[in-house]
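If you're matching positions, the sequence shown starts at 1 in the numbering used here and goes up one per residue.
Beta carbons are placed, not taken as given, at the ideal position from N, Cα and C, and that holds for glycine.
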Amino acid sequence: MSKGNIKFEDVWASIPASVAVVREAWRKKTFGSLSQILNYKMRRALKALFYWSKAKLKSLNLSKEILKREIVELQEKEAELGCLLDDDSWLLKVKLNELNSTLARLNTWWKQCAKVKWLAEGDRNSRFFQSFASAQRSSNFIFKIKDDNGLLVKDQHQIEDVLFRFFKEKWKDRSCSLDGWPYSRTRLDVDDVRMLSKEFSLDEVEIAIKQAGGNISPRNDDITYSFIKSYWSIIKEDFWNAIHNFLLSGKMCVLHEMDKLCRSFIWSKRNGGAGLHYVNWDMMCRPVNCGGRGLFSCSNKVGPLRAKLAWKYDQDKDSLVHKALFPKYGSLYEADVSKKACSTAWKLIFNGGRFLKPIVRWNIANDRSIDVFKDTWIMDKCISRWPTFVKSPGNDELTVDLFISNGCWDVIELYEFFGKDLVDLISKIQIMPDLLEGRMELIHQNSGKSISAMATAALVCDQSGFQNWDWLKKAKLIPRVETFWWRILNNAIPTNHFLSYRRLHENNHCPRSCDEVEDIDHVVTRCKNLKEAVQHLNNWGFGIPTFVFLEDCCRWLACQNYWLAKLFCNTVFFSWKSRNELVHGGNEGSPLMIAANSVSYAADPTSYYCFNSGHWDANQPRLLNRWHPPPPDWIKVNVDASLLPSYKAGIAGVFRDYNGRFPLAFGHACVHWDVSRLELLAIQSIKDVITDWMFNYKGLIIEGDNINIIKFLLDAVRRGGQDLGELTFIKDFNYRMAESWSAPFLEILDASTNVQVYEVSFIESWLFLLNPMKNIFLKIARSSSNPLRRIAYSFGDHYDLRKELQILNLLTGYIFLLDRHGRIRWQGFGSATTEEVSSLLSCATLLLEE
C-alpha cells in the first residue's frame, strides 16, 4: 500500500483508539472552500490512520510473540508441578483470551489485504471492478430475435421493427371497464406534500448513512462508507457543510457554467434585468467572417484543444505516450472505435483526432494507409468533398498505392478512375520514396495559428457560411452601422412584425402609416420615408434602384463599389433611427435630413488616403503612401500572392530601386490551396530572375504582406540560414557579394611573404557543436587546407555577434578589417566598387606598417 494510494480498512474501526487518531487529525485547521476542507481533512485522517495502523500492526506482532512466550512458560510450569495455582490459572486464561483477540485482529487485517472479503465489503473503484459492475448491461443486450414468421433476425434495425410491431399489437386501443378505479383527481394529502417539499436536512443524511451497507464501492479517494459511519460523530459537521453548500451553489459542469456566465454578461441589462435574445448563442460565437461576432465559447473549444494532443501523438513517435498506446490501439486514423474498454488518455487523443483530420493532409509514400476517397491527399479536400465525378469501385476500400508503380504515378491506372484534369493534378503530387509510410502535415503552414485555432476554424467553416460578408466588409461601415446591418441580415431588429410574432406587440404594421406589415423587407426596401430619402439621393446624381425584397438589395450591394454600398447602408440606418424617434415619442427626421446625413457619413474624410507621403523624391505614386523606398544604393523586391476559392492562384514580384523606379517585375499563375505557401513560393521565385546587374547594388530587401512568412525568414536568419531549405539562394547571393571584397583582397595579400591570412568560419550546426565531432572536423579540415591560407573555426550560436555587427540581412555581403587587438578598423557591405577595394587595401597596408 503506497503513500499516494491509501484505502480505509475496516479493522481500523474495530480498534477504539482509532477514534482518537481521527479526532486529532480532524481538529487541525484547514483553509479553502467547504468541499476542499472536507477533502483535505479526509485525506489527512486516512494518512494518520495508515501510519498509526502500521505501527499498531508492528505492536500486534510483537504482542503476539510475547503472549505466546508467556503462555508457553505457564504451560511448562503446569507440566512440572502437575497443576497451577488459582492466580496462575486465571493469568493463563487471560493470556489465552488476549492471544485469541490479537490473532483475530491479525487475521482480519490479512484477509482484507488479500481481498478475501471483496464480495461483501467492496473494492477499489478500479477498471476491473467497473468491468464486473457493468457486466449486467451486456447481458441485457438483444443479439437476435424471432420475427412473426419464426425466422431469426440479427440486424438491430429489424429487431427494433419486430419489437415495435409486437408492442403495437399488444397495446392497441381496447374497451376497458373502469368501475372501482380510484378518482383521477385524487392528490397527495397535506403530510405527504409537506414531506416532499421540505428542505434537505442533516437528519436525512444521517438516516441515509446509517442505512448504507458495507458493500458499496469506495470513491476515487478510497473513502468508504465504513469510514463515514464509524467516525460520523467527528466528521458530520464538515460533511453536512460541504453537502449543503453544493446544493445551494454547486455546478455540475464548469465549461457550460462559464458559457452561462458569458451569455449573462452579453444579454443582461445594466440594471440586472434579462434582455431580449435576438440571435442564438452559437451564431454569436461564430467568427466574424462566418456571420458571427467572434465571441468565445468554452464548450466548443474542448475538441479543438484535444486536437493538439492528437497532433503530438501522431508526430512524436518516440514519446512515451505513443510507445505505450500505439501497440495496443494502433494508428490514430485506423483505430477501432468499437472498443469500449480503452484508457481515458486514448479516448481524449482519439476524440482530438476527429477534429484534427480536417486540417491535415497526407504526404504520399508507397503504402496502404491512405484511403483514396476519405483521406485528404489532393489539395486540401478529400475526393468525397470534391465537386467532380469519380468512378468508384465495387468496394469502398481503395488505397493510393494502387496508383503507384515503381515509385511513380501509374497514369494508365489513374485514367481508369479519374478524368484528365484530375489526373494532371494528381501527377504533379510528389511521391516521397524515403518515407516508409505516409505522414501527416498541416494543410495550412506558417499561418500563425495554433493547432487548436485551425481546428476551431475548420469546425466553423464546415457550417453554413455568411454569404453577405464580402460586400459588408468591403463597404467599410462604421461599427454602429455595420452592427445594425448584421442584425438586419440575421432578422434581429425589433420590427413590429418581430414583436407581434413574440406577442410583445399587438399591431404588426409600420408606424409611419405605410399600410404594410413592418418586417425586414419593408424596413430595407419599401418604407415610405426610405423611398423618399432614396429619391433625394437620386436627384443629387446617385443611381440607387428600387427594391422589393432584401435578397434583391443584397445582390445589388455585392456588385457596387464600396462608396455607393456605404451610402445606401447609411440611408437605411438613419431611416431606422428616425423611425425609432417616432415610436418613442420624439421628433421624426425628414427624408431630406436622412439623405443629407447619409452622404455626410459616407464622405468621411478619414477614409481617403493621405496625399502627403513624405517621399516625393522617390518618384512614389501619390496615393501609395504605405510604400517606403529602400536605402540609397539598395534595391527592394515586393512579393505578393493571390488565391481564389477555385484554387486558381498567382504569384508576382516587383523590383524597385532607391529612386522608385521599376527595373524588373515577374509573376506567373499556378494552382494551390495555401496562401502562405504561395507567399513563400513567390520569394523562392526570386532566384529565377536574379541577374548580374543586381550585384551592382549594396544589397537586396525582400518585402511582403504576410507577417508569418517574414517571421519565418527572420528566424532562419537568426539561426544562420540553416533552415532556409529551397531559399539557399539567399546565402548564395550573400557569398557572391562577399567575394567581390575577398577575392581582390586575398589575391594581393596571398603573394606577400610576411603576411598570413586567416579566414574565420562560423559553425552553428548542432552536430559539430559536440566535442568529438568538433575535433574530428578540425583534424580533417586542417589536413586538407592550403598551407598558404589558414582557416580559424568558431563554434556556437553567433546571433549576438551578428547583431552587434549589424549583420541582419543575408541578402548582402559584409566585410570587416580588424587589427591585432580585435578592433574593427574598416568595414563595408554589398558589392565592392573599385574605390572601396582601393580603400580597403590602403587601410590594410597601414595596419601592416603598425
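If you draw a straight line from the C-alpha of residue i to the C-alpha of residue j, how long is it?
i: Asp-318; j: Leu-332; result: 15 Å
i: Ser-646; j: Arg-502; result: 43 Å
i: Ala-492; j: Val-583; result: 18 Å
i: Ile-243; j: Glu-237; result: 10 Å
i: Phe-246; j: Phe-200; result: 12 Å
i: Val-21; j: Ala-212; result: 24 Å
i: His-668; j: Asp-715; result: 28 Å
i: Phe-418; j: Leu-557; result: 40 Å
i: Phe-350; j: Ser-369; result: 17 Å
i: Ala-310; j: Ser-405; result: 32 Å
i: Ser-89; j: Leu-46; result: 42 Å
i: Pro-490; j: Lys-474; result: It is Asn, not Pro, that sits at residue 490 in the sequence shown. Each residue's alpha carbon lies about 19 Å from the other.
i: Val-689; j: Val-671; result: 21 Å
i: Gly-704; j: Ile-683; result: 9 Å
i: Trp-362; j: Leu-348; result: 22 Å
i: Lys-531; j: Asp-521; result: 13 Å
i: Asp-191; j: Ile-207; result: 20 Å
i: Leu-567; j: Pro-663; result: 41 Å
i: Asp-410; j: Arg-385; result: 23 Å
i: Pro-872; j: Gly-585; result: Nothing can be reported for residue 872: it is not among the residues displayed for the chain, which extend from 1 to 850.
Considering only the beta carbon of each residue, do residue i and residue j sit closer than 8 Å?
i: Ile-359; j: Trp-377; result: no
i: Asn-570; j: Ala-602; result: yes
i: Asn-529; j: Ser-578; result: yes
i: Leu-280; j: Trp-469; result: In the sequence on display, residue 280 carries Asn and not Leu. No.
i: Asn-734; j: Gly-653; result: no
i: Ile-383; j: Val-372; result: yes
i: Val-524; j: Ile-488; result: yes
i: Lys-41; j: Trp-26; result: yes
i: Asp-519; j: His-505; result: no
i: Leu-320; j: Trp-346; result: no
i: Arg-661; j: Lys-636; result: no
i: Ile-710; j: Ser-685; result: no
i: His-536; j: Leu-592; result: yes
i: Lys-144; j: Leu-151; result: no
i: Ile-443; j: Asp-375; result: no
i: Cys-527; j: Ser-590; result: no
From the DSSP output, in three-state form, read off residue i for me.
i: Val-279; result: coil
i: Asp-851; result: Nothing about residue 851 can be read from this structure; the chain reaches only from 1 to 850.
i: Gly-667; result: strand
i: Tyr-814; result: strand
i: Asn-344; result: Note that residue 344 is Thr in the sequence shown here, rather than Asn. Helix, per DSSP.
i: His-509; result: strand
i: Arg-361; result: strand
i: Cys-176; result: coil
i: Cys-843; result: helix
i: Trp-52; result: helix
i: Gln-827; result: strand
i: Asp-87; result: helix
i: Val-524; result: helix
Below 6 Å CB to CB, which residues in the same chain sit around residue i once its five sequence neighbours on both sides are set aside?
i: Phe-227; result: Phe-8
i: Pro-304; result: Phe-355, Ser-452, Ala-455 and Thr-456
i: Val-572; result: Val-524
i: Glu-588; result: Ser-578, Glu-581 and Leu-582
Looking only at its chain, what residues have a beta carbon closer than 8 Å to the beta carbon of residue i, apart from the 5 residues adjacent to it on each side?
i: Arg-165; result: Asp-148
i: Asn-708; result: Asn-446, Ser-447, Gly-448 and Ser-676
i: Leu-74; result: Leu-84, Asp-88, Leu-91, Leu-92 and Lys-95
i: Trp-563; result: Ala-602
Between residue i and the rest of its own chain, which residues show a CB-CB distance below 7 Å, the 5 nearest in sequence each way excluded?
i: Ala-458; result: Pro-358 and Ile-359
i: Trp-240; result: Leu-202 and Val-205
i: Trp-634; result: Tyr-658, Tyr-697, Lys-698, Gly-699 and Ile-701
i: Asp-314; result: Leu-332 and Met-440
i: Leu-261; result: none
i: Ile-142; result: Ile-159
Contact criterion: CB-CB distance below 8 Å. Does residue i meet it with respect to chain D?
i: Ser-297; result: You won't find chain D in this structure, because it holds only one protein chain.
Ignoring anything shorter than 4 residues or poking outside the region 562–586, list the alpha helix (DSSP H) runs there in chain order.
-> 562–583
At which residue ranges does the region 412–446 contain complete alpha helix (DSSP H) runs of 4 or more residues, listed in the order of the chain?
-> Counting only runs of 4 or more, we get 420–427.
Can you list the alpha helix (DSSP H) stretches of 4 or more residues lying completely in the region 622–709, in chain order?
-> The region 622–709 contains these whole alpha helix (DSSP H) runs: 675–684.
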